[in-house]
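What follows is a single structure, written as C-alpha cells, with notes after it.
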Amino acid sequence: MQVRTVLTYRLNYLISVIGVIMHIYLLNVVWSAVYEGRGAVEGVPLETVMVYSTFAAVQNWLLVPWEFSLIPARVREGQVAFDLVRPIGFVGQVVAGQFGRTLAVLPLAVALLPLAVVVGRSQSPASPAAGVWYVAGLLGAWIVATQLSIVVGMLAFWTLEVSGWFLVYRMVSLFLSGALVPLWFMPPALRVLAEVLPFQAITYGPVAVYLGREDGLGVIGVQLLWIALLAVLSRWIWVRALHRVVVQGG
153 MQVRTVLTYR
163 LNYLISVIGV
173 IMHIYLLNVV
183 WSAVYEGRGA
193 VEGVPLETVM
203 VYSTFAAVQN
213 WLLVPWEFSL
223 IPARVREGQV
233 AFDLVRPIGF
243 VGQVVAGQFG
253 RTLAVLPLAV
263 ALLPLAVVVG
273 RSQSPASPAA
283 GVWYVAGLLG
293 AWIVATQLSI
303 VVGMLAFWTL
313 EVSGWFLVYR
323 MVSLFLSGAL
333 VPLWFMPPAL
343 RVLAEVLPFQ
353 AITYGPVAVY
363 LGREDGLGVI
373 GVQLLWIALL
383 AVLSRWIWVR
393 ALHRVVVQGG
C-alpha cells in the first residue's frame with residue numbers, strides 16, 4: 153500500500169531529487185572554497201570529501217525522507233484503532249510501511265546517483281571488502297533510521313501533533329549523522345557526542361567504510377548495538393502508548 157502511495161505522489165519525490173542535487177552542488181562549492189590553495193585538510197584530500205558529500209546526501213535522502221513516520225497521521229485520524237485489531241502487530245505494520253516507502257523510492261535513488269556523481273564526485277570503494285561492508289552497513293542504517301522514526305513517531309500518542317519534534321529530530325540528525333560535515337572534521341568534544349549517539353550509524357558509518365576510513369566490522373557492531381537498544385526502547389514506549397489509546401464505544 154505504501155509503495156502505491158509513494159508512486160501516486162511521485163512528483164513530490166522528483167522535486168526532492170532536485171533538492172538533493174542542489175544540496176550536493178552547494179556542499180561541493182563550500183568544500184572547494186575551504187580547500188582553496190590546500191592539498192589536504194587534517195590529512196583528508198578534497199576528492200575524498202567530495203565523494204563523501206555525494207554519497208552522504210543521496211544516502212540520507214533515501215533513508216531519512218521528510219515524512220519519515222506513518223504513526224502521527226494514523227493516530228491523529230483515529231486509524232490506529234483499526235491497526236490494533238489486525239493480525240500483524242502495530243509496530244510490525246509501521247516497519248512494513250517504511251520498507252514499502254523505501255522500496256518505492258529506491259529506483260529514484262538509483263537514477264539519482266549518476267546525476268549526483270556529475271554534480272559531485274564518485275570513486276570505487278576502497279576495496280572489494282569495503283564495498284561488501286558498505287552494503288551491509290546500508291541495511292543496518294535503514295533499520296536504525298526506521299527504529300528512530302518509530303520512537304519519535306510514538307510521541308503522537310501523547311501530543312497528537314509532532315511536526316515540531318520531527319523538525320528538531322531532522323535538524324539534529326542531519327548534523328550529527330555526518331550528512332553535512334564528516335565526523336573527522338568535528339571538534340573532539342562534538343565528535344565524541346556524535347559517536348555515542350545513534351545518528352552516525354545512519355550516514356557517517358557506512359560512507360566512511362566505503363572510503364576505507366572506518367573498519368566495517370566496527371561500524372556493523374555499533375549498528376547492531378543500537379538496533380538492540382532501540383528495539384528495547386521502542387517496545388517500552390509502545391507498551392505505555394497502548395494505555396493512551398481511547399476508542400469511542402469500546
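Residue numbers (the numbering used here): 153 to 402. Backbone N, C-alpha and C fix where the C-beta goes; we use that ideal spot for every residue, glycine too.
Can you list, in chain order, the residues of its chain whose CB lies under 6 Å from that of residue i, leaving out five sequence neighbours each side?
i, result
"F351", "S325, L328, S329"
"G402", "In this predicted model, G402 has a pLDDT of only 41, less than 50, meaning its place in the structure is not dependable; the value taken from the coordinates is given anyway. The answer is none, since no qualifying residue turns up."
"S276", "none"
"V314", "P224, L307, A308"
Does the distance from the C-beta atom of residue i to that of residue j stay below 9 Å?
i, j, result
"L179", "L332", "yes"
"Q299", "L382", "yes"
"R253", "V181", "no"
"P334", "A208", "yes"
"V296", "A353", "yes"
"V210", "W285", "no"
"V196", "W336", "yes"
"V257", "Y321", "no"
"G305", "G357", "no"
"A308", "R228", "yes"
"G230", "M153", "no"
"W310", "A380", "no"
"S184", "F318", "no"
Quick one: grab the DSSP three-state call for residue i.
i, result
"G402", "Per-residue confidence for G402 stands at a pLDDT of 41, beneath the threshold of 50, marking its modelled position as unreliable; the derived number appears in the next sentence. Coil at G402, not helix or strand."
"V333", "coil"
"P197", "strand"
"A282", "helix"
"W390", "helix"
Of all the CB atoms in chain D, is at least one closer than 9 Å to the CB of residue i?
i, result
"L335", "Structure shown: chain D not included; a single protein chain is present."
Out of the options, which one is the CA nearest neighbour of residue i?
i, options, result
"S301", "Y204, W310, G364, V216", "V216"
"Y177", "L159, M202, G189", "M202"
"I223", "M174, R322, F234, V246", "V246"
"I170", "V158, T311, A308, L264", "L264"
"V359", "R238, A233, L260, L291", "L291"
Can you name the start and end residues of the alpha helix (DSSP H) that residue i belongs to?
i, result
"V344", "340-348"
"P224", "223-228"
"T160", "154-160"
"I354", "Where I354 is concerned, there is no enclosing alpha helix (DSSP H), given that its DSSP letter is neither H nor E."
"V320", "315-328"
"V232", "232-235"
Identify, in the order they occur along the chain, each residue of the same chain with its Cβ nearer than 7 Å to the Cβ of residue i, setting aside the five sequence neighbours on each side.
i, result
"G364", "A278, S279, A282"
"V303", "L382, L385, S386, I389"
"R162", "none"
"W378", "V296, P350, A353"
Looking only at its own chain, which residues have a Cβ that is under 8 Å from the Cβ of residue i, when we skip the five neighbours before and after it?
i, result
"A192", "L198"
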